[in-house]
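One structure is given below, encoded as structure tokens.
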Amino acid sequence: MYTAEGKEITKTTTNEQGIAQVKDLPYGKYYFVETKGVEGYLLNRTKYPFEIKEQGKR
-6 MYTAEGKEIT
4 KTTTNEQGIA
14 QVKDLPYGKY
24 YFVETKGVEG
34 YLLNRTKYPF
44 EIKEQGKR
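Each residue of the sequence shown is one higher than the last, beginning at -6 in this note's numbering.
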């Protein structure tokens, strides 16, 4: 996982359902990108952006 500026902040692994969990992230913009895939499959280098905002903020 990376900040919007491209700084790697953590590595995580998805579970059997493809869900990753990262706790205690401060407010900000981030993205996930696959860096290691399952053997026999192509690596998906798509960036998946998301933002953490204060509750009630849009």
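Quick reminder that beta carbons are idealized off the backbone N, C-alpha and C, glycines included.
Remember, it's a predicted structure, so these values are computed and weren't measured experimentally.
Judged by beta-carbon spacing, Thr(-4) lies beyond the 9 angstroms limit of Val15, meaning their Cβ atoms are not closer than that value.
Sequence-distant Cβ neighbours of Leu36 in its own chain, meaning closer than 7 angstroms and more than five residues away, are Glu27, Gly30. The Cβ neighbour count for Tyr41, taken over all protein chains shown within 10 Å, is under 16; the residue is labelled exposed. For the pair Tyr20 and Gly33, the Cα-to-Cα distance works out to about 37 angstroms. The three-state secondary structure of Pro19, taken from DSSP, is coil.
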